[in-house]
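Take a look at the structure set out below.
There are 2 protein chains.
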Amino acid sequence: MKEYCFGIDIGGTTVKMGLFRTDGTLLDKWEIPTRTENGGEAVLPDIAASALSRLGKMGIKKDDVEGIGIDVPGPINEEGVVPHTANLGWGYKEVTRELEELTGLPCRAGNDANVAALGEMWKGAAAGHKSGVMVTLGTGVGGGIIIGGKIISGANGAGGEIGHIHVDDNIPGVCGCGNHGCLEQVASANGIVRLARWMMEEKGEIRTSIDTETMTAKEIWDAVKSGDEFAMEVAERFGKYLGLALANIASTVDPEVFVIGGGVSKAGQVVLDYIRKYYVQYTFRSCRDAKFVLASLGNDAGIYGSAKLVIDG
Amino acid sequence: MKEYCFGIDIGGTTVKMGLFRTDGTLLDKWEIPTRTENGGEAVLPDIAASALSRLGKMGIKKDDVEGIGIDVPGPINEEGVVPHTANLGWGYKEVTRELEELTGLPCRAGNDANVAALGEMWKGAAAGHKSGVMVTLGTGVGGGIIIGGKIISGANGAGGEIGHIHVDDNIPGVCGCGNHGCLEQVASANGIVRLARWMMEEKGEIRTSIDTETMTAKEIWDAVKSGDEFAMEVAERFGKYLGLALANIASTVDPEVFVIGGGVSKAGQVVLDYIRKYYVQYTFRSCRDAKFVLASLGNDAGIYGSAKLVIDG
Chain A
430 MKEYCFGIDI GGTTVKMGLF RTDGTLLDKW EIPTRTENGG EAVLPDIAAS ALSRLGKMGI
490 KKDDVEGIGI DVPGPINEEG VVPHTANLGW GYKEVTRELE ELTGLPCRAG NDANVAALGE
550 MWKGAAAGHK SGVMVTLGTG VGGGIIIGGK IISGANGAGG EIGHIHVDDN IPGVCGCGNH
610 GCLEQVASAN GIVRLARWMM EEKGEIRTSI DTETMTAKEI WDAVKSGDEF AMEVAERFGK
670 YLGLALANIA STVDPEVFVI GGGVSKAGQV VLDYIRKYYV QYTFRSCRDA KFVLASLGND
730 AGIYGSAKLV IDG
Chain B
430 MKEYCFGIDI GGTTVKMGLF RTDGTLLDKW EIPTRTENGG EAVLPDIAAS ALSRLGKMGI
490 KKDDVEGIGI DVPGPINEEG VVPHTANLGW GYKEVTRELE ELTGLPCRAG NDANVAALGE
550 MWKGAAAGHK SGVMVTLGTG VGGGIIIGGK IISGANGAGG EIGHIHVDDN IPGVCGCGNH
610 GCLEQVASAN GIVRLARWMM EEKGEIRTSI DTETMTAKEI WDAVKSGDEF AMEVAERFGK
670 YLGLALANIA STVDPEVFVI GGGVSKAGQV VLDYIRKYYV QYTFRSCRDA KFVLASLGND
730 AGIYGSAKLV IDG
């Protein structure tokens with residue numbers, strides 16, 4: 430194993446870049462803009478130029494670099510090929526091959542939610558565990574399944590697509606994926622607001638301290654903490670849907686630990702408590718003691734996970 | 430790799446034993462009774478004696494045997510230890526260590542449903558695929574998840590416990606596991622009959638050619654094939670529950686293929702058709718083209734899968 434590697438996390442507006450020692454020490458991190466114009470043609474060349482320039486500044490020889498790990502916000506197969514990544518402007522793109530040609534360094538790539546899970550398992554909240562499932566409650570609901578240290582990426586890159594687990598036929602509206610009843614519709618940041626509005630309709634009249642016209646997920650969780658009855662009912666229903674989905678994941682892959690991350694998880698332990706209450710109710714007996722932890726790497730999960738991708742080869 | 434190995438499948442009444450070439454050729458198979466009296470103390474010695482005696486009869490030297498793979502009808506951890514296996518009379522038992530001492534051969538062990546899945550992936554209906562999920566619709570509903578050729582056995586031996594996926598809060602009665610709403614309650618051989626009775630209660634009055642006092646799963650599927658309207662409604666609901674559960678498994682591990690086995694699968698293609706109809710409706714778009722196949726090894730899946738356990742080391 431060589432001494433250094435890169436871990437890179439491509440987002441829709443910025444690319445996060447990390448230079449690591451292969452023992453897992455983060456030496457330096459920085460960001461560059463994601464230039465998505467013209468089919469995102471500059472994204473990989475910008476990354477290559479920034480990485481090589483950083484090596485020069487740090488006085489590190491390319492021969493001492495194990496390679497580049499990178500994640501992309503969309504499905505990617507085991508050969509490092511994406512069919513289409515809308516928010517980067519990309520159509521079909523051979524990510525690892527192109528980046529290898531641009532840098533002369535070996536490259537490994539993965540999906541961002543899967544790679545974030547790998548990062549949390551390696552150096553974050555789930556460090557020391559052999560198997561874990563990470564759920565990212567952000568704009569959408571993402572997920573990653575790590576078994577024996579490896580990402581379950583799936584035959585179609587859909588491994589860990591936890592947000593599209595079907596939880597209730599009655600959820601109003603259509604999910605971004607085109608289906609009905611997906612977890613994402615009631616558990617993402619927007620989903621919690623959607624859930625609250627649906628419950629308001631069901632109830633007809635409610636009493637709450639929340640401004641229901643402008644409410645956000647954060648305001649709902651703040652109201653939960655201050656004892657608002659309606660907000661607590663929303664949190665119960667949120668917990669029921671997520672607890673059910675995670676219980677069914679446990680009957681499938683039976684992980685040691687669940688890691689809850691993303692913007693919604695910033696509300697803290699209370700989020701875990703509502704999820705775990707229903708998880709314990711629904712799950713198979715042997716899986717009741719699975720651990721629930723909050724993600725700890727925040728926005729760095731992607732660069733850590735990407736670095737681990739290339740370290741694992 | 431040595432030339433021979435054993436694949437052994439312990440059931441509650443008989444032990445199925447197979448002598449294989451390590452290229453996967455089944456040379457000989459036979460059965461011995463499972464003597465469960467006195468805490469099942471004779472089970473492993475009987476197996477050891479039968480295996481060694483067969484080597485003698487075939488003129489095969491122990492030195493040419495790679496080892497013994499074995500499955501047990503209950504949870505077993507990666508060290509080959511079972512906490513308790515009710516239908517063999519066993520309490521805590523170190524299965525692989527004991528069998529190694531009795532035979533002088535290396536031993537690997539797994540849970541029967543997981544090992545059957547491995548068998549079908551290796552030499553059965555899913556041969557040639559890298560990832561697959563097997564569902565066994567028998568007295569209960571068992572399952573096995575194979576990813577990259579390896580069983581996902583889980584942190585608590587509950588990997589592939591598909592029968593205990595929660596599918597509906599409204600299912601009457603309590604599952605054998607102590608929970609409510611499990612797939613097994615409506616999709617096992619007994620479960621289909623339970624589902625039919627529940628639907629009769631819901632409807633109040635039904636017209637059907639089935640004798641509803643004495644009906645079995647087989648009679649319900651026969652009636653489905655002859656166009657009985659009530660039986661077809663039962664099959665739709667069965668398909669909805671299983672299709673939903675498998676769709677949610679696809680959003681978790683995204684397998685290439687689903688293998689449907691066990692007694693209920695003997696009704697044939699019609700079972701797959703009802704499951705697949707709802708699978709396609711509920712699953713994440715990328716997973717819609719997963720294959721559905723009927724298990725092909727029947728009662729031999731366990732001995733094949735057990736042999737593969739020891740071949741894989």
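Chains A and B, in that order, give the protein sequences. Just so we're aligned, residue 430 is where the first sequence starts under this note's numbering, counting upward by one. Just so we're aligned, residue 430 is where the second sequence starts under this note's numbering, counting upward by one. Idealized CB from N, CA, C, for every residue including glycine.
What are the complete alpha helix (DSSP H) segments, minimum 4 residues, inside the stretch 687–738 of chain A?
Runs found: 698–711.
Along chain A, which residues have their Cβ under 9 Å away from the Cβ of Pro502(B)?
As a first step, residue 502(B) is located in the second sequence; it is residue number 73 there, counting from the start. Contact note: Pro502(B) does not reach chain A at a C-beta cutoff of 9 Å; the least C-beta distance is about 15 Å.
Hey, quick one: how far does the beta strand (DSSP E) through Lys458(B) stretch, first residue to last?
Here residue 458(B) refers to the residue found at position 29 when the second sequence is read from its first residue. Note, Lys458(B): beta strand (DSSP E), Leu455 to Pro462.
What first and last residue would you give for the beta strand (DSSP E) that runs through Ser582(A)?
Your numbering for residue 582(A) matches position 153 in the first sequence. Note, Ser582(A): premise wrong, no beta strand (DSSP E); not H, not E.
If you drop the 5 nearest sequence neighbours on each side, which residues of the same chain put their C-beta closer than 8 Å to that of Trp551(B)?
Counted from its first residue, the second sequence places residue 551(B) at position 122. Excluding the 5 residues flanking it on each side, Trp551(B) has same chain C-beta neighbours closer than 8 Å at Gly453, Tyr733, Gly734 and Lys737, in chain order.
Pick helix, strand or coil for Arg537(A), following the three-state DSSP scheme.
Translated into positions along the first sequence, residue 537(A) becomes position 108. Reduced to three states, the DSSP call for Arg537(A) is strand.
At the level of alpha carbons, what is the spacing between Pro474(B) and Leu448(B)?
The residue you call residue 474(B) lines up with position 45 of the second sequence. The residue you call residue 448(B) lines up with position 19 of the second sequence. One C-alpha to the other measures close to 17 Å.
Local Cβ density within 10 Å of Thr681(A), reported as buried at 16 or more and exposed below that:
Locating residue 681(A) in the first sequence gives position 252, counting from the first residue. Sixteen is the threshold: when 16 or more other Cβ atoms of the shown chains lie within 10 Å of the Cβ of Thr681(A), as they do, the residue is buried.
Quick one: measure Cβ to Cβ for Ile575(A) and Leu547(A), integer angstroms, because I've assumed they're closer than 8 Å.
Looking up residue 575(A) in the first sequence gives position 146. Looking up residue 547(A) in the first sequence gives position 118. Yes, Ile575(A) and Leu547(A) are in contact; Cβ-Cβ is about 6 Å, under 8 Å.
Give the DSSP bridge partners of Trp519(B), in chain order.
Position 90 of the second sequence, counting from 1, holds the residue named residue 519(B). Looking at the DSSP output, Trp519(B) bridges to Thr514(B).
Is the Cβ-Cβ distance between Ser703(B) and Leu673(B) less than 7 Å?
Taking the second sequence and counting its residues from 1, one reaches residue 703(B) at position 274. Taking the second sequence and counting its residues from 1, one reaches residue 673(B) at position 244. For the record, residue 703(B) in the displayed sequence is Tyr; it is not Ser. With a cutoff of 7 Å on beta-carbon distance, Tyr703(B) and Leu673(B) are scored as not near each other.
Quick check: the Cα distance between Ala652(B) and Cys606(B), rounded to an integer number of angstroms?
Here residue 652(B) corresponds to residue number 223 of the second sequence, with the count starting at 1. Here residue 606(B) corresponds to residue number 177 of the second sequence, with the count starting at 1. Take the alpha-carbon of Ala652(B) and the one of Cys606(B): they are about 30 Å apart.
Once you ignore the five residues that flank Leu701(A) on each side, which residues in its own chain have a CB closer than 7 Å to its CB?
Translated into positions along the first sequence, residue 701(A) becomes position 272. Only Ile689, Phe721 and Leu723 meet the Cβ criterion.
Could I get the ranges of all uninterrupted alpha helix (DSSP H) runs contained in the stretch 648–693 of chain A, with 4 residues as the minimum, in chain order?
Fully enclosed alpha helix (DSSP H) runs of no fewer than 4 residues occupy 658–682 of the stretch 648–693 of chain A, in order along the chain.
Could you pull the start and end residues of the alpha helix (DSSP H) that Ser479(A) belongs to?
Counting from one through the first sequence, the residue named residue 479(A) turns up at place 50. Start and end: Val472 to Met487.
Can you confirm whether Ser617(B), when its beta carbon is compared against all beta carbons of chain A, has any partner nearer than 7 Å?
Within the second sequence, the letter at position 188 stands for residue 617(B). Chain A contact via Cβ: absent.
Short Cβ contact (7 Å threshold) for Asn540(B) with Ile505(B):
Position 111 of the second sequence, counting from 1, holds the residue named residue 540(B). Position 76 of the second sequence, counting from 1, holds the residue named residue 505(B). Here Asn540(B) is near Ile505(B), since their CB atoms are less than 7 Å apart.
Looking at the C-beta of Glu685(A), does it have a partner C-beta in chain B at a distance below 7 Å?
The residue you call residue 685(A) lines up with position 256 of the first sequence. Any Cβ of chain B closer than 7 Å to the Cβ of Glu685(A) would place that residue at the interface, and such an atom is present.
Using the beta-carbon of each residue, which ones in chain A are nearer than 7 Å to Asn585(B)?
As a working mapping, residue 585(B) is identified with position 156 in the second sequence. Within chain A, the C-beta atoms nearer than 7 Å to that of Asn585(B) come from Asp683, Ser715 and Cys716, in chain order.
Residue of Asn677(A), Leu675(A), Ala679(A) and Ala646(A) minimising C-alpha distance to Val663(A):
The residue given as residue 663(A) occupies position 234 in the first sequence. Of the candidates Asn677(A), Leu675(A), Ala679(A) and Ala646(A), the one whose C-alpha sits nearest the C-alpha of Val663(A) is Ala646(A).
Determine the extent of the alpha helix (DSSP H) in which Arg450(B) is found, giving its start and end residues.
Translated into positions along the second sequence, residue 450(B) becomes position 21. Residue range Thr443 to Arg450 is occupied by the beta strand (DSSP E) that includes Arg450(B), with no alpha helix (DSSP H) assigned at that position.
On the criterion of 16 or more Cβ atoms from any shown chain inside 10 Å, does Lys445(B) qualify as buried, or is it exposed?
For the purposes of this step, residue 445(B) is taken as residue 16 along the second sequence, with counting starting at 1. Around the CB of Lys445(B), 16 or more other CB atoms lie within 10 Å, so the residue is classed as buried.
Cβ-based contacts, 7 Å cut-off: residues of the stretch 559–586 of chain B near chain A
So the list reads Ser560, Ile574, Ile576, Ile581, Gly583, Ala584, Asn585 and Gly586, given in the order they occur along the chain.
Could you tell me the boundaries of the alpha helix (DSSP H) in which Leu624(B) lies?
Here residue 624(B) refers to the residue found at position 195 of the second sequence. Annotation: the continuous alpha helix (DSSP H) that includes Leu624(B) extends over Ala618 to Lys632.
Could you tell me which chain B residues have their CB closer than 9 Å to the CB of Ile591(A), listed as they occur along the chain?
Sequence index remark: in the first sequence, residue 591(A) carries index 162 (1-based). Taking a Cβ-Cβ cut-off of 9 Å, the neighbours of Ile591(A) in chain B comprise Ser680 and Thr681, given in sequence order.
Helix, strand or coil: how does DSSP classify His609(B) here?
Counting from one through the second sequence, the residue named residue 609(B) turns up at place 180. Residue state for His609(B) is assigned as coil, using DSSP reduced to three classes.
So, using beta-carbon positions, are Phe435(A) and Ile489(A) closer together than 7 Å?
Locating residue 435(A) in the first sequence gives position 6, where the first residue counts as 1. Locating residue 489(A) in the first sequence gives position 60, where the first residue counts as 1. No, they are not a contact pair.
Buried or exposed: which applies to Leu528(B), given that a residue is buried once 16 or more other Cβ atoms fall within 10 Å of its Cβ?
Position 99 of the second sequence holds residue 528(B). Taking all protein chains shown into account, Leu528(B) has 16 or more neighbouring C-beta atoms within 10 Å of its C-beta and is therefore buried.
Around the Cβ of Glu508(B), are there at least 16 other Cβ atoms within 10 angstroms (buried) or fewer (exposed)?
Stepping through the second sequence from its first residue, residue 508(B) is reached at position 79. With fewer than 16 other Cβ atoms inside 10 Å of its own Cβ, Glu508(B) counts as exposed.
7 Å is my cut-off, CB to CB: does His595(A) come that close to chain B?
Residue numbering aside, residue 595(A) sits at position 166 when the first sequence is read from its first letter. It does; some Cβ of chain B falls within 7 Å.
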